[in-house]
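Just so you know, the sequence shown maps onto residues 1 to 140 in full-length UniProt numbering.
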Amino acid sequence: MNIALIAHDKKKVEMVNLTTAYRDILAKHELYATGTTGQRIIDATGLPVHRFKSGPLGGDQQIGAYVSDNKIDLIIFLRDPLTAQAHEPDISALLRLSDVYDIPLATNVGTAEILLRGLDAGFYEWRTLQKAQDREKIDI
Ligand SMILES: O=C(CO)COP(=O)(O)O
1 MNIALIAHDK KKVEMVNLTT AYRDILAKHE LYATGTTGQR IIDATGLPVH
51 RFKSGPLGGD QQIGAYVSDN KIDLIIFLRD PLTAQAHEPD ISALLRLSDV
101 YDIPLATNVG TAEILLRGLD AGFYEWRTLQ KAQDREKIDI
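Below, the structure written as structure tokens:
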């Protein structure tokens with residue numbers, strides 16, 4: 001599965017702790033991240049992460065484009081609910097697209113842990129089927 005990892009500045013330590021704790025599960029998947037978050041994860045875990053631009057410079061929108069292309073299966077977006085973000089419209093757009101395409105998205109560590117454990121337990125096999133069906137539709 002393709003997992004997108006994003007954390008606002010005040011949540012980056014939580015993201016590092018989460019990805020370190022769940023390194024073994026994450027290692028089985030393809031990881032994508034906004035620029036700074038991705039670098040922090042690489043430094044902490046050594047896992048390969050495809051890094052997009054930093055969030056304020058368009059990284060959230062790049063991940064949104066991947067969601068609309070059916071290339072992201074799960075999103076962990078540790079948002080800072082107490083700090084205004086200059087790129088709030090980009091953040092809202094990504095959250096909206098995750099709902100448009102029914103992509104599971106966690107905005108806090110508690111939910112993120114459940115999603116990652118669910119992923120490892122095989123709860124997302126429907127995504128594999130859905131993607132195969134979508135490919136068939138495109139082939140027709
Ligand atoms: O701002 C962000 C998401 O909205 C995160 O971007 P960075 O990972 O580059 O800090």
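All C-beta atoms, glycine included, are put in the ideal place defined by N, C-alpha and C.
| Query | Result |
| --- | --- |
| Alpha-carbon spacing of residue 78 relative to residue 47, whole angstroms | 19 angstroms |
| Integer Cβ distance of residue 124 from residue 73, believed to fall under 8 angstroms | 6 angstroms |
| Supposed close pair residue 22, residue 116 - CB separation, criterion 8 angstroms | 5 angstroms |
| Heavy atom of ligand 1 within 7 angstroms of residue 48 beta-carbon | no |
| Cβ shell of residue 60 (< 8 angstroms), same chain only, five flanking positions each side left out | 6, 34, 87, 90, 91, 93 and 94 |
| Straight-line gap, residue 39 to residue 63 (C-alpha atoms, nearest Å) | 16 angstroms |
| Top-ranked residue by Cα proximity to residue 30, from 4, 130 and 111 | 4 |
| Ligand 1 heavy atom lying under 7 angstroms from the CB of residue 92 | no |
| Burial state of residue 129, where buried means 16 or more other Cβ atoms lie within 10 Å | exposed |
| Beta-ladder partner(s) of residue 77, from DSSP | 6 |
| Bridge-paired residues (DSSP) for residue 51 | 33 |
| Counted within 10 angstroms of its Cβ, other Cβ atoms place residue 55 as buried (16 or more) or exposed | buried |
| Proximity of residue 15 and residue 36 at Cβ, strictly below 8 angstroms | no |
| Burial state of residue 119 (16 or more Cβ within 10 Å) | buried |
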